[in-house]
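Peer 1:
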Amino acid sequence: MMMWLFTAVGASLGIWMALAIYVFPEIRKTYQEKGTFTDRLLNLWYTMWAFHHIAVALASWFAVWLIPVNKTVAVAG
Numbered sequence: 126m127m128m129w130l131f132t133a134v135g136a137s138l139g140i141w142m143a144l145a146i147y148v149f150p151e152i153r154k155t156y157q158e159k160g161t162f163t164d165r166l167l168n169l170w171y172t173m174w175a176f177h178h179i180a181v182a183l184a185s186w187f188a189v190w191l192i193p194v195n196k197t198v199a200v201a202g
């Protein structure tokens with residue numbers, strides 16, 4: 126019934142992790158060599174976080190990962 130949702134969230138997180146495996150070491154290498162990001166690296170950075178936000182938005186809208194919050198935490202927050 127909601128298989129499309131789990132597939133979309135899983136695919137989005139998978140793409141996010143794959144990009145992160147490439148982007149984070151590349152950021153370190155580029156910053157140590159030049160001190161600035163290239164346009165390509167910056168675009169990959171934005172793409173990586175876009176896929177993360179897609180997964181978070183889908184999970185939030187469809188209550189995939191509900192986190193129970195008790196009254197004390199809700200009032201303190």
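Take 126 as the starting number for the sequence shown in the working numbering and just add one per residue. Backbone N, C-alpha and C define an ideal beta-carbon position, used for all residues, glycine too.
From THR172 to LEU166, what does the alpha carbon distance come to, in whole angstroms?
Peer 2: Cα to Cα, the separation comes out at about 10 Å.
Peer 1: Would ILE179 and ALA133 qualify as a contact pair, given that the criterion is a beta-carbon distance under 9 Å?
Peer 2: yes
Peer 1: Between PHE176 and ILE140, how many whole angstroms is the CB-CB distance? I'm expecting something under 8 Å.
Peer 2: 5 Å
Peer 1: Can you tell me the Cα-Cα spacing of MET127 and ALA184, whole angstroms?
Peer 2: 12 Å
Peer 1: For a test of the three-state rule: what should DSSP assign to LYS159, helix, strand or coil?
Peer 2: In the displayed model, LYS159 falls within coil according to three-state DSSP, outside both helix and strand.
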